[in-house]
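Read in order, the letters of the sequence shown correspond to residues 65 to 265 in our numbering.
Just so it is clear, CB atoms sit at the ideal spot from N, CA and C, and this is done for glycine as well.
A short worksheet on the structure shown next.
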Amino acid sequence: MGDTFTNPQVTTHYEADIAIIKFDDKKANALGHQPIDELLKAFKSVEDAGAVILIGRPECFSAGFDLKIMQNSAEQAQSLLRKGVELFLHMYLFPRPVIAACTGHAIAAGAILLLSSDIRIGSSGNYKIGLPEVNIGMALPVFATELARERISKRHYTRVTSLGENYNPKEACDVGFLDEIVDPSIVLETSIEKANNLTSI
């Protein structure tokens with residue numbers, strides 16, 4: 065198996081041949097340059113796993129791109145966006161099944177992390193999932209609309225991509241952001257069970 069490594073924001077460990085990547089910056093799990101680099105490093109280190117689980121911190125899966133960087137300048141925003149796309153594509157094209165264990169808010173790029181995963185297990189609770197970029201004056205990138213076209217129910221596609229609606233976990237299952245929701249205490253356990261069923265793929 066690949067080496068386990070630890071840093072302040074991303075940790076990786078194995079349960080048998082299931083790799084579990086945990087993203088926890090102790091705040092909102094914003095996707096800046098460092099966390100994206102570390103997530104990419106983590107995924108590249110576990111390509112020998114039977115399946116991979118990406119889990120966020122309690123009550124927050126990811127609040128999306130770091131807005132301080134996105135609003136600083138067009139050049140910095142484009143640089144961060146390019147790096148984010150590299151991560152999303154790496155997850156989407158990953159050679160082993162990827163399960164997202166959604167522990168809370170998944171907003172904007174956080175929701176794209178969900179859409180880039182093969183299976184999405186969400187915790188029940190009071191949180192939101194969505195792509196609200198249009199509500200803060202930002203265009204939704206084409207890669208995000210195309211990814212949503214594949215994952216999101218046709219009944220909800222326009223509201224997700226053009227109207228920027230946010231959804232609670234139950235609604236997110238119907239929309240297509242999540243596949244199922246479970247009690248927060250068993251989100252990781254359920255994800256590991258799902259992952260074990262996929263290791264033969």
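Cutting at 6 Å between CB atoms, please list the residues of its own chain near residue i, excluding the five before and the five after it.
i: D182; result: P161 and V162
i: I152; result: Strictly speaking, residue 152 in this sequence is Phe, with Ile absent from that position. For F152, where only same-chain residues beyond five positions count, the Cβ hits under 6 Å are I176 and S180.
i: G66; result: Its pLDDT being 44, under 50, G66 is placed unreliably by the model, and the measurement read from it follows with that caveat. Taken in chain order, the residues that qualify are S109, V110 and D112.
i: S187; result: T167, P248 and V251
i: A208; result: I176
i: D89; result: Q73
i: T254; result: I185 and V246
i: A83; result: V110, A113 and V116
Apart from the five residues just before and just after residue i, which ones in its own chain have a Cβ nearer than 7 Å to its Cβ?
i: K258; result: I163, I183 and I185
i: I265; result: P161
Alpha carbons only, please: which of the options is nearest the one belonging to residue i?
i: L104; options: F87, Q140, G114 and I245; result: F87
i: R223; options: D243, G194 and F129; result: G194
i: E235; options: V206, E197, K192 and I256; result: K192
i: V149; options: L204, A165 and I119; result: L204
i: Q73; options: E79, A83 and A94; result: A94
i: T263; options: D89, A170, H77 and P159; result: P159
i: L145; options: A92, H169, G174 and P122; result: G174
i: M155; options: V198, A106, P196 and Q140; result: A106
So the beta strand (DSSP E) residue i belongs to, where does it begin and stop?
i: I133; result: From DSSP, I133 is part of no beta strand (DSSP E) but of the alpha helix (DSSP H) over L131 to M134.
i: A164; result: V162 to C166
For the putative contact between residue i and residue j, defined by C-beta atoms under 8 Å, what is the C-beta separation to the nearest angstrom?
i: D81; j: A113; result: 6 Å
Using a threshold of 7 Å, is the CB atom of residue i nearer than that to any non-hydrogen atom of the ligand SAM?
i: K108; result: The model on display carries no ligand, and the ligand SAM is accordingly not part of it.
Which first and last residues belong to the alpha helix (DSSP H) in which residue i is found?
i: A138; result: A138 to Y156
i: V251; result: V251 to L262
i: G174; result: A173 to L179
Suppose the cutoff is 8 Å on Cβ atoms and the five residues either side in sequence are ignored; what does the same chain contact list for residue i look like?
i: D101; result: K147
i: S217; result: D238, V239 and G240
(request) Would you mind listing the beta strand (DSSP E) stretches within the stretch 186-246 that are 3+ residues and don't spill past its ends, in chain order? (result) Complete beta strand (DSSP E) runs here, min 3: 244-246.
(request) For the stretch 75-115, list the alpha helix (DSSP H) runs that are entirely contained and at least 4 residues long, ordered along the chain. (result) The qualifying runs are 97-109.
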